[in-house]
Structures are given as C-alpha cells and as structure tokens.
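Below you'll find the structure, written out as structure tokens, and then a few comments.
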Amino acid sequence: MLKTSFVPSIAPKCYRWVALCSLIFVTGCAMGGVSIESAVPDASSITGSVTPSQQPDTDNETLSDRNAIRNVVSGLDFNTWGMKPVPWANPDTGSQGVINQVSEVQKTDGLCREFETSRQAFNGVSLYRGETCMRKTGDWVLKSFAPL
Numbered sequence: 002m003l004k005t006s007f008v009p010s011i012a013p014k015c016y017r018w019v020a021l022c023s024l025i026f027v028t029g030c031a032m033g034g035v036s037i038e039s040a041v042p043d044a045s046s047i048t049g050s051v052t053p054s055q056q057p058d059t060d061n062e063t064l065s066d067r068n069a070i071r072n073v074v075s076g077l078d079f080n081t082w083g084m085k086p087v088p089w090a091n092p093d094t095g096s097q098g099v100i101n102q103v104s105e106v107q108k109t110d111g112l113c114r115e116f117e118t119s120r121q122a123f124n125g126v127s128l129y130r131g132e133t134c135m136r137k138t139g140d141w142v143l144k145s146f147a148p149l
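Number 65 in this note's numbering belongs to position 64 of the sequence shown; there are no gaps in the numbering.
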C-alpha cells in the first residue's frame, strides 16, 4: 500500500511557490508600466489651431421656440400694445418667456422689429436678442436670433 502522507507535505510548498512567482510577476508588471510623463501628449506637435465655425442652430426645440417668438413679435399691434412685456409660450416644447423690448425700424428692405426676450426651457433660462423683418410678400422672417 502507498503512503498518502507524501501529497499533503508537498502541497503547501507548491502553493507557496506559486504565490511567490505570482507576486514577482505582478510587481514586475507594475514597475515596467507607463509613467505619467509619457502619457501626456507632446505639445510640440501642435502647429496651429482653427476656431470652430458658428454652426446654425439645428436643435428642433430651439427652432420651434424661435418661430413661436417670431410669431408673437410680428403679431404685435403697436397701436394698442402699450410697450408692456409680452409673455410667450410654445406648447410643442414647453418653453416660455417674456419679450421685454420691441422696437420697429424701417430699413431699406422693409419693416423690421428688433426685440429682446427670455427663454425658459428644461436646460435653463437664457436671454436673446433678435430681429424679424416683413418680406414684400407680407410674411415675416427671422433675420437674427442670438444669446446675449
């Protein structure tokens, strides 16, 4: 019959050996890793920079709000308005605001109305300045609309 006491006496030494080799392997990997200095991009490779162009607003909610504001400004009757702040709301987006100033200006291409308004939406409150002008066909077009 074979003695089985041989196996238990070797097993603890084997586990110690595997643990020691693993520890040496792991510390070797950590010591040869990437340093923070080598991870920083090389600033000498930057040759110049280009400012991004101003992209037209393609956010459907903002475009819808711009149209709602244009409709209120163009629909004002200056004879009965009285220069009071005019509230506006867009049920499609849930945005709302107050048009604080409106001035009517006769330009070479027709009648224009310059205005300032607030816009309260889910992403915060912003102030805008814009201009809408009447075309020769009688409809109004928003010429400018930009944050203050």
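We put the CB at the ideal spot given by N, CA and C, even for glycine.
Note that the structure is a prediction, hence the values are computed from the model and not measured.
From the DSSP output, read off the bridge partner residues of residue i.
i: Ile100; result: Val87 and Thr118
i: Arg130; result: Glu117 and Ala147
i: Trp82; result: According to DSSP, Trp82 bridges with nothing at all.
i: Lys108; result: Gly111
i: Gly125; result: Ala122
i: Val152; result: Because the chain is modelled from 2 through 149, residue 152 falls outside the range shown and cannot be assessed.
Using a threshold of 8 Å, state whether the C-beta atoms of residue i and residue j are closer than that.
i: Glu62; j: Ala122; result: yes
Out of the options, which has the shortest C-alpha to C-alpha gap to residue i?
i: Val74; options: Thr94, Val126, Asp110 and Gly131; result: Gly131
i: Cys113; options: Tyr129, Thr81, Pro86 and Trp141; result: Trp141
i: Asp151; options: Leu77, Asn80, Lys137 and Met84; result: Since the first residue shown for the chain is 2 and the last is 149, residue 151 is missing from the structure and cannot be characterised.
Keeping to the same chain, check which residues put their C-beta closer than 7 Å to that of residue i; ignore five residues upstream and five downstream.
i: Leu143; result: Arg67, Arg71, Gly131 and Thr133
i: Phe116; result: Val74, Ile100, Gln102, Val103 and Gly131
Between residue i and the rest of its own chain, which residues show a CB-CB distance below 6 Å, the 5 nearest in sequence each way excluded?
i: Ser145; result: Gly131 and Glu132
i: Leu128; result: Ser119 and Leu149
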